[in-house]
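Residue numbers (our numbering): 30 to 112.
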(Lines of atoms letter the chains of each structure in order from A and count residues from 1; the text may use other names and numbers.)
(Lines give C-alpha, C1' and ligand atoms only; values in the text may rest on other atoms or scores of the structure.)
Protein backbone atom coordinates (compact mmCIF):
# COMPACT_ATOMS: atom_id res chain seq x y z
CA UNK A 1 0.00 0.00 0.00
CA UNK A 2 1.37 3.36 -0.99
CA UNK A 3 0.33 6.69 0.53
CA UNK A 4 0.10 9.05 -2.41
CA UNK A 5 -0.68 12.74 -2.20
CA UNK A 6 -4.47 12.87 -1.99
CA UNK A 7 -5.00 9.19 -1.24
CA UNK A 8 -3.74 5.64 -0.94
CA UNK A 9 -3.01 3.11 -3.67
CA UNK A 10 -3.24 -0.65 -3.11
CA UNK A 11 -2.23 -3.07 -5.87
CA UNK A 12 -3.58 -6.58 -5.26
CA UNK A 13 -2.94 -7.82 -8.80
CA UNK A 14 -2.22 -11.53 -9.01
CA UNK A 15 -3.71 -12.40 -5.61
CA UNK A 16 -6.60 -14.87 -5.43
CA UNK A 17 -9.50 -15.18 -3.01
CA UNK A 18 -9.41 -14.75 -0.02
CA UNK A 19 -6.18 -12.70 -0.07
CA UNK A 20 -7.49 -9.55 -1.81
CA UNK A 21 -10.26 -9.09 0.78
CA UNK A 22 -7.90 -9.78 3.70
CA UNK A 23 -5.37 -7.24 2.39
CA UNK A 24 -8.12 -4.68 1.83
CA UNK A 25 -9.29 -5.05 5.44
CA UNK A 26 -5.72 -4.72 6.77
CA UNK A 27 -5.08 -1.63 4.67
CA UNK A 28 -8.30 0.09 5.71
CA UNK A 29 -7.33 -0.40 9.38
CA UNK A 30 -4.11 1.56 8.78
CA UNK A 31 -5.82 4.49 7.06
CA UNK A 32 -7.31 7.54 8.77
CA UNK A 33 -11.11 8.00 8.60
CA UNK A 34 -12.26 9.81 5.46
CA UNK A 35 -9.16 8.86 3.46
CA UNK A 36 -9.57 7.67 -0.11
CA UNK A 37 -7.97 4.62 -1.68
CA UNK A 38 -7.69 3.15 -5.16
CA UNK A 39 -7.54 -0.65 -5.09
CA UNK A 40 -6.50 -2.68 -8.12
CA UNK A 41 -7.21 -6.43 -8.32
CA UNK A 42 -7.26 -9.12 -10.99
CA UNK A 43 -9.42 -11.61 -9.05
CA UNK A 44 -12.99 -11.60 -10.45
CA UNK A 45 -14.39 -12.67 -7.05
CA UNK A 46 -13.13 -9.40 -5.56
CA UNK A 47 -15.92 -7.37 -7.12
CA UNK A 48 -18.61 -9.25 -5.19
CA UNK A 49 -16.49 -9.68 -2.03
CA UNK A 50 -15.44 -6.03 -1.83
CA UNK A 51 -18.94 -4.68 -2.46
CA UNK A 52 -20.42 -6.84 0.29
CA UNK A 53 -17.68 -6.07 2.81
CA UNK A 54 -17.72 -2.31 2.14
CA UNK A 55 -21.50 -2.16 2.47
CA UNK A 56 -21.48 -4.13 5.74
CA UNK A 57 -18.61 -2.16 7.26
CA UNK A 58 -19.88 1.31 6.34
CA UNK A 59 -17.12 2.32 3.91
CA UNK A 60 -18.13 4.19 0.72
CA UNK A 61 -17.58 2.66 -2.68
CA UNK A 62 -17.40 5.63 -5.05
CA UNK A 63 -16.61 3.82 -8.27
CA UNK A 64 -15.77 0.42 -9.75
CA UNK A 65 -14.08 0.20 -13.14
CA UNK A 66 -13.96 -3.27 -14.68
CA UNK A 67 -11.67 -3.90 -17.64
CA UNK A 68 -10.19 -6.97 -19.31
CA UNK A 69 -6.98 -6.51 -17.30
CA UNK A 70 -8.23 -5.64 -13.82
CA UNK A 71 -10.89 -4.21 -11.52
CA UNK A 72 -10.25 -0.84 -9.87
CA UNK A 73 -12.19 0.32 -6.80
CA UNK A 74 -12.29 3.87 -5.45
CA UNK A 75 -13.07 3.65 -1.72
CA UNK A 76 -13.54 6.20 1.07
CA UNK A 77 -12.85 4.91 4.56
CA UNK A 78 -15.81 5.36 6.90
CA UNK A 79 -15.62 7.74 9.85
CA UNK A 80 -16.92 4.93 12.07
CA UNK A 81 -16.85 1.29 10.95
CA UNK A 82 -19.19 -1.56 11.72
CA UNK A 83 -16.69 -4.36 11.32
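Ideal Cβ placement from N, Cα and C applies to all residues, glycine included.
Hey, could you find the ends of the beta strand (DSSP E) residue i is sitting in?
i          : result
residue 92 : 89-95
residue 38 : 36-41
For residue i versus residue j, is the C-beta spacing smaller than 9 Å?
i          : j           : result
residue 67 : residue 100 : no
residue 45 : residue 64  : no
residue 49 : residue 70  : yes
Please classify residue i: does DSSP put it in a helix, a strand, or coil?
i           : result
residue 83  : helix
residue 69  : strand
residue 78  : helix
residue 109 : coil
Between which two residues does the alpha helix (DSSP H) holding residue i run?
i          : result
residue 56 : 48-59
Next on the checklist: For the structure I just gave you, are there three or more beta carbon pairs, one from the segment 81-94 and one from the segment 34-45, closer than 8 Å?
Outcome noted: no
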